[in-house]
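Numbering (this note's numbering), first residue to last: 1 to 681.
A virtual CB, placed ideally from N, CA and C, is assigned to each residue, including glycine.
Okay, so here's the structure we're looking at.
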């Protein structure tokens, strides 16, 4: 058997169909990634306009064998790593993924078990000089994994019935228990408890395969959470002209097996909804004729899209395959009848595409293929789950890389742009599905963060991260790129200068793979991208300031120079746990290099993750011990505090150690200081 490169023709079609489905994703948990690190100060004077990435912080292009060796090394010392992290004796680590930087720094991602039970929401990443060494750690939850009991008080049958009821409430078809209730520790939402996780199969209301996970408290019977684990999307075939495909010849027969890319295969489901279908094969090495009526055309597009995405991750980010193990996923086309959707599924490790309305428009475009395959990347790395803000970040990640793969393809028939689904005419009037420069142009997505963003559909909350990425790449205002005109606003009315897509995509990939966890929210995404930028370009670089400014422009955190756009910012990203109804805790920032007193408009940006912000009293403490009250048990039951306060600190000496002091005044809710900053305008 041998691999070869062939050509097939897929001309652009003038016919378009209207669809009524949006690109979709997964389902999930809740909480927030935390970041350790020292306080840093950005200089008041502008740094050089551009920085080269620190060579040592670039990822090594690991071969599958090298990756496997690092995972074995991490596995061999996991008990010692758990001890170094101060985990309970009943907690064990399970190695999930590993990355390595050129300077030798190794990032290992772990799952956790407690007394033999899987811990949902207990994932963490350690970073050190060797696999398993924990110099720094990022955790999905700050709560200690010490449930009151691991014994169930309610029968598993109750959890099963509850899960089936949840599926029926969503109008699922053929709902049946796919995976019997298993005992787990639920740690993603407050205090860890013993629970059941039940998985229900069947079909969702639109015909998409269902993998509904329902978590039930095993001591009370209360439903704690539910999420869909099938990640799906929509679009028309984007015909990309005559392109090269890597296929395999066996005797006198050719088939769509890509031996150069992990053995990726493309199958024809021929309107079926299960199994793999039939591997595309034929007596010649020409695939399709550009017409949707020819079954091979959709197969060729899917095969091409998968190859582009594989090459993008390998050549741009050094990752060989979605899991980094050199194994290719596979594609299935012609799913169902009139199915206007496409999806990624972990259970089959595959992308699946319907043929659209009237079975006339296969959903196999470049950006949709990259979008779906990138859901697989997110699942294999951060595991961002489809709920609240983490769900929006999951969906945005697929949009971001769907766009960057399209730019990488450099296909003259479908040029790169910051429009999602621009060719599918989903609205019937030629407009795209989503706009990254101004997400609200679609009528539903959000341009900027607000306190209720986590309660809306993740396809629309994703607008915040999509907008951030566009601003970081290209900047604000009006400009034309590859023939498309954009006009990107900012939430604070101040301009943003972009750093270029090549740098922005490296920052997002590094944050996703080494900083984000299953429960990362927007505040933690800002922290993670800043940490990634600091490692790549330095905390005093133009790129670091641009990340601060781009997040501030979508209302997440403050500008690099404060609200006025100038000055010096000192920031701490060290996480500090806030004990439930306990003593006050502090986070320190040391200010140096200032003269005289602090200003009358000192900006104090506070990022606190907490499940009941109304429990908290928050103070700024000056170097001489003078206290300035920022918040006194306000906010009611709302989660988190992400606000900037103006303090008249003109009577205080600027230099010295300033502290943010936080005390939880009531029981039952938990959280931590995720970070804070002082800006001297």
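| Item | Value |
| --- | --- |
| Simplified DSSP state of residue 494, which is helix, strand or coil | coil |
| Residue nearest to residue 120 in terms of C-alpha spacing, selected from 95, 215, 104 | 215 |
| Sequence-distant residues of its chain with Cβ nearer than 8 Å to residue 220 (five each side left out) | 153, 154 |
| Straight-line gap, residue 172 to residue 204 (C-alpha atoms, nearest Å) | 5 Å |
| Residue 264 - partner residues in DSSP beta bridges | 258 |
| Sequence-distant residues of its chain with Cβ nearer than 8 Å to residue 447 (five each side left out) | 438, 439, 440, 463, 464, 467, 489, 491, 554 |
| Coil, strand or helix - residue 612 by DSSP | coil |
| Delimiting residues of the beta strand (DSSP E) encompassing residue 110 | 106-114 |
| For residue 521 and residue 293, the rounded distance between their alpha carbons | 44 Å |
| Beta-carbon gap between residue 517 and residue 125 smaller than 8 Å | yes |
| Range covered by the alpha helix (DSSP H) that runs through residue 433 | Counting along the chain, residue 433 falls outside any alpha helix (DSSP H), and DSSP gives it neither H nor E. |
| Residue 208 versus residue 392 - alpha carbon distance | 20 Å |
| Proximity winner among 218, 311, 200, relative to residue 156 (alpha-carbon distances) | 218 |
| Three or more C-beta pairs below 8 Å linking the segment 356-373 and the segment 303-310 | yes |
| For residue 72 and residue 402, the rounded distance between their alpha carbons | 32 Å |
| Residue from 255, 228, 575 with nearest C-alpha to residue 266 | 255 |
| Inter-residue spacing [alpha-carbon to alpha-carbon] between residue 318 and residue 99 | 10 Å |
| Alpha-carbon to alpha-carbon, residue 352 and residue 339 | 11 Å |
| From 583, 579, 605, residue whose alpha carbon lies closest to that of residue 589 | 605 |
| Segment contact flag, the segment 179-199 with the segment 135-155, C-beta cutoff 8 Å, min 3 pairs | yes |
| Straight-line Cα distance separating residue 420 from residue 494 | 26 Å |
| Proximity to residue 185 [Cα-Cα], best of 103, 548, 92 | 92 |
| Cα-Cα separation, residue 276 to residue 263 | 15 Å |
| Exposed unless 16 or more other CB atoms sit within 10 angstroms - verdict on residue 112 | buried |
| Touch test, the segment 655-670 against the segment 620-638, Cβ-Cβ under 8 Å, three pairs minimum | yes |
| Buried or exposed by the 16-neighbour rule on C-beta atoms within 10 Å, applied to residue 675 | buried |
| Beta-ladder partner(s) of residue 118, from DSSP | 113 |
| Enclosing beta strand (DSSP E) for residue 334 [first to last residue] | 330-335 |
| Residue 523 versus residue 556 - alpha carbon distance | 6 Å |
| Pairwise C-alpha distance: residue 640 and residue 664 | 13 Å |
| Buried versus exposed call for residue 680 [16 or more other C-beta atoms within 10 Å across all chains shown] | buried |
| Strand pairing of residue 350, partner residues [DSSP] | 330, 345 |
| DSSP state of residue 660 mapped onto helix, strand, coil | strand |
| Cβ-Cβ distance between residue 530 and residue 504 below 8 Å | no |
| Other residues of its chain near residue 269: CB distance less than 6 Å, five sequence neighbours each side excluded | 277, 332, 334, 335 |
| Secondary structure of residue 530, DSSP reduced to three states | helix |
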